[in-house]
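*Asks:* For reference, the structure I am asking about is given below.
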Amino acid sequence: MSGSNDGHWASSGFEIQPAYRPGDRRDWDPSVQLGEPGEFPFTRGPYPNMYRGRLWTMRQYAGFGSALQTNRRFRELLDAGQTGLSVAFDLPTQMGLDSDDPRASGEVGKVGVAIDSIADMRLLFDRIPLGEVSTSMTINATAAVLLLLYELVAEEQGVRSDALRGTVQNDILKEYIARGTYIYPVAPSMRLVTDLFAYCAAEVPKWNTISISGYHIREAGSTAAQEIAFTISNGLAYVAAARAAGLDIDEFAPRLSFFWNSHNHLFEEVAKFRAARRLWARLMRDRMGATNPASWKMRFHTQTAGSTLTAQQPLGNVVRTAYQALAAALGGTQSLHTNSFDEALGLPTEASAKLALRTQQILAFESGVGDTVDPLAGSYYVESLTDEVEAAALALIRAIDDLGGAVAAIEAGFQSRQIEDAAYRYARDVDSGDAVVVGVNRFVEEEEVVPDILSIEAELERAQCKATAELRADRDQAAVDRALDELERAARTDGNLLYPMKNALRALATIGEVSKTLEKVFGRYGA
């Protein structure tokens, strides 16, 4: 419940009291202790000094049009002081389709950069030293392909694989829950996830092999507690799948990372981040049996809430984003993306993207938010909210456990129904005015000032398709066919798929060709 006339409510459904005092704290689990920063259960942060030792990484999400256009944006952001890259891919790339596939028509380069082959990846990272920057790639069904392309380009730059740092999202389960960019059925998709875990452990040891995402779950309309519960349940499923594949939990778990949404309610969001860390630590130690303290730590990236941005009075989004960024910093994020104010209207312009970065920099260097660790610790209100959010999330995790775990619950539609109900309640509250959205249902203006909007020209799609066709015409087709046949044979065994996949990509196979080869064996998932 987001709001009502007779009280104040958190998104997770519990009522917020008029005031909080020492005796009001609901210690629903007496074993919960606040602890010290950097110590179990990490309520106060995964590191003892947090931002006093190192600020969060300012990792602005960017990608649009061609690889060449996105490369220019990356270099502009790095010159402006950004400290890490974060790549947005277009829908065809996310769905394993080449730009000239009929199903890609009209979508090439629209919501991210178009990548069909290693040729595009070379352009994307031209003049960017991959041994020095950390790169996050928001990619799931084709995560293995994009990681391997990144590794191949790094090799061409002379950078060893064991020097590469970054993250692939690689979180396929939330695609079945909230987002829809899946290709294969659940079981072979999970195999690709765990094959990537094993490959990186052997070949790219500094790489974060998954970013278990609550962000898209929240964007679909979930509450804060649902975001935690469904994401952590997915995380437990990945851990179980990796162990079933023969991986040692204390070898792969320290490379797991999370991706959270920072939404509008400042204090509930701070409580959410603190509760999520504590819950993951206990579940990893006590349920999953991890013994390495690094396996218990939840490290996470945060992005401000795109679903809260309004097309009406878009400059108000600058303020929304700043408060959401503040919540992420107070909650102890390890990296952060701040949305641009014009994203409800179109792709960010260069000016709006730079302003979003400046928002982080002002927060980091002028607000004092990083001067002490967990500055809201001990607040009667925040500690109570932390307990309440954790209790609500744990109840949902137990409900998922009763259904047989995350995969079984997904197949039963449990998470999707819960999110749909929460989204409906919020939409109803906005319609009734119980939930105020400034500029939308209150403080409305008759005349709106529309900012400049970045558009992607239709010519880009034609040029991208032409370049991909030329690549196919100029390559050694026999070598590509042999490599794809090798990949198909591997898919029919239980061998790690990333090694033959890398050979195919090096031979200039495209993303679409690799995906079609696996689809022959795995089939295609239909909701």
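Count the sequence shown with the numbering used here and you get residues 239 to 765, in order. Yeah, the Cβ is synthetic: ideal placement off N, Cα and C, and Gly gets one too. Quick caveat, the model's predicted, so the values are computed rather than measured.
1. Could you give the first and the last residue of the continuous beta strand (DSSP E) run that contains G322?
2. Measuring CB to CB, does V607 end up less than 9 Å from R282?
3. Kindly indicate which residue of D400, A567 and S249 has the alpha-carbon position closest to the one of P613.
4. Within the same chain, show all residues whose beta-carbon is closer than 6 Å to that of R360, passing over the 5 residues directly before and after it, in chain order.
5. If you draw a straight line from the alpha carbon of A483 to that of A342, how long is it in whole angstroms?
6. Leaving out the 5 sequence neighbours to the left and right, which residues in its chain are closer than 6 Å to S578 when beta-carbon positions are compared?
7. Which class does D265 belong to by DSSP, given the choice of helix, strand or coil?
8. Label V687 either buried or exposed according to how many other C-beta atoms from any shown protein chain fall within 10 Å of its C-beta, with 16 as the threshold for buried.
9. Hey, which unbroken runs of the beta strand (DSSP E) at 3 residues or more fall wholly within the region 456-501?
10. Only counting the same chain, and skipping five residues up and downstream in sequence, which positions put a Cβ closer than 8 Å to that of A650?
11. The alpha helix (DSSP H) with A660 in it runs from where to where?
12. Within the continuous alpha helix (DSSP H) that includes G570, where are the two ends?
13. DSSP beta-bridge partners for A300?
14. Pull the bridge partners of E766 from the DSSP assignment, please.
15. Could you tell me the distance, in whole angstroms, from the CA atom of Q407 to the CA atom of N378?
16. Does the region 520-540 come close enough to the region 467-479 that 3 or more CB-CB pairs lie under 8 Å?
17. On the DSSP bridge list, what partners appear for G396?
18. In angstroms with no decimal places, state the Cα-to-Cα distance between A480 and D723.
19. Spatial neighbours of E604 within its chain, please: CB distance less than 6 Å, with the 5 preceding and 5 following residues excluded, ordered by chain position.
20. Below 9 Å between beta carbons: does that hold for L362 and T308?
21. For L315, which of F490, A765, E588 and L692 has the nearest alpha-carbon?
22. Buried or exposed: Q255, going by 16 or more other Cβ atoms within 10 Å of its Cβ?
23. Quick check: the region 455-466 against the region 652-670, are at least 3 beta-carbon pairs closer than 8 Å?
24. Closest to E726 by C-alpha separation, out of S753, Q320, Q541 and M536, would be which residue?
25. Helix or strand or just coil, what does DSSP make of F363?
26. Let me confirm a value: S670 is counted as buried when at least 16 other C-beta atoms fall within 10 Å, else exposed. Which label applies?
27. In the DSSP assignment, find the beta strand (DSSP E) that holds M428 and state where it starts and stops.
28. Among T419, I600 and S451, which one has its Cα closest to the Cα of R537?
29. Assess, as a yes-or-no matter, whether the region 315-330 is touched by the region 678-686 under the definition of 3 or more beta carbon pairs within less than 8 Å.
30. Return the chain-ordered list of same chain residues with a C-beta closer than 8 Å to the C-beta of W445, the five sequence neighbours on each side being excluded.
31. Around the C-beta of P268, are 16 or more other C-beta atoms found within 10 angstroms, so that it is buried, or is it exposed?
32. For A510 versus W498, is the C-beta distance shorter than 9 Å?
33. Counting pairs of beta carbons, one from the region 706-714 and one from the region 740-749, are three or more of them closer than 8 Å?
34. State yes or no: is the C-beta of S500 within less than 9 Å of the C-beta of S449?
35. How close, in whole Å, do the beta carbons of S337 and C703 come, if the pair is a contact with beta carbons under 8 Å?
36. May I ask you to report which of helix, strand or coil DSSP gives F681?
*Replies:* According to the structure data:
1. Unbroken beta strand (DSSP E) run through G322: G322 to A326.
2. no
3. A567
4. V391
5. 34 Å
6. So the qualifying residues of the chain are P586, S590, A591 and A594.
7. Its pLDDT being 49, under 50, D265 is placed unreliably by the model, and the measurement read from it follows with that caveat. Note: D265 maps to coil in three-state DSSP.
8. exposed
9. 494-500
10. L641
11. For A660, the enclosing alpha helix (DSSP H) starts and ends at F652 to S670.
12. Here G570 belongs to no alpha helix (DSSP H), and DSSP marks it neither H nor E.
13. V325.
14. Since the displayed the chain opens at 239 and closes at 765, residue 766 lies outside it and no answer follows.
15. 6 Å
16. yes
17. The partner list for G396 (beta bridge, DSSP) is empty, contrary to what the question assumes.
18. 27 Å
19. Non-local C-beta neighbours of E604 in its own chain, meaning closer than 6 Å and more than five positions away in sequence, are absent.
20. yes
21. E588
22. exposed
23. yes
24. S753
25. Of the three classes helix, strand and coil, the one that applies to F363 here is coil, per DSSP.
26. By the neighbour-count rule (16 or more Cβ atoms within 10 Å), S670 is not buried but exposed.
27. M428: not part of any beta strand (DSSP E); member of the alpha helix (DSSP H) spanning V424 to E441, first to last residue.
28. Distances from the CA of R537 to each of T419, I600 and S451 were compared; the closest alpha carbon is that of S451.
29. no
30. L385, L402, R403, G404, T405, V406, C438 and R493
31. For P268, the predicted structure reports a pLDDT of 41, less than 50, and the residue's modelled location is therefore unreliable. The matter cannot be settled from this model.
32. The displayed chain sequence assigns Lys, not Ala, to residue 510. Closer than 9 Å, so yes.
33. With a cut-off of 8 Å, the region 740-749 and the region 706-714 count as touching, because enough Cβ pairs lie within range.
34. Not closer than 9 Å, so no.
35. 5 Å
36. coil
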